[in-house]
Amino acid sequence: MAVRFMLLGLVLLSCVAQVFCDGNIDPLVANGPVDCGGLCQQRCSLHSRPNLCHRACGTCCMRCQCVPPGTYGNREVCGSCYTDMKTHGNRPKCP
């Protein structure tokens with residue numbers, strides 16, 4: 011009986027460790043220079059206005075050295091630099 015609980019505990023611990031190690035919410039940031047062109051192309055691939063998206067994403071990437079994962083959302087992953095940047099019309103700049 012104790013062996014079953016120990017095995018169950020190990021399986022649960024393994025699952026929890028796997029989730030924390032494989033988290034796909036990591037920002038697309040490199041230790042060296044960031045490939046803004048490639049990362050923004052991925053980020054803007056489904057955007058209705060890809061040229062506008064690329065231009066804004068490139069500016070944000072150069073300034074913040076970060077591009078959020080996925081094609082939409084997750085902006086908070088890159089921190090306040092990315093989320094607080096606004097256009098002249100006071101709208102969020104970064105896609």
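Per my numbering, numbering of the sequence shown is gapless, rising by one per residue and ending at 105.
We put the beta carbon where it would ideally sit given N, CA and C, even for glycine.
- Sorting V87, G80 and L62 by C-alpha distance to the C-alpha of K103 places L62 at the top.
- CA-to-CA, the gap between N84 and Y92 works out to about 10 Å.
- Counted as a single uninterrupted DSSP element, the alpha helix (DSSP H) harbouring M72 occupies residues P60 to C74.
- With 16 or more other Cβ atoms inside 10 Å of its own Cβ, L49 counts as buried.
- In terms of CA proximity to C54, C67 leads the group K96, C67 and N100.
- About 6 Å separates the beta carbons of M95 and C70, which is inside the 8 Å limit, making them a contact pair.
- Cβ contact annotation for P60 (same chain, cutoff 7 Å, sequence separation greater than five): C54, in chain order.
- Distances from the CA of D45 to each of L56, G99, R73 and S90 were compared; the closest alpha carbon is that of R73.
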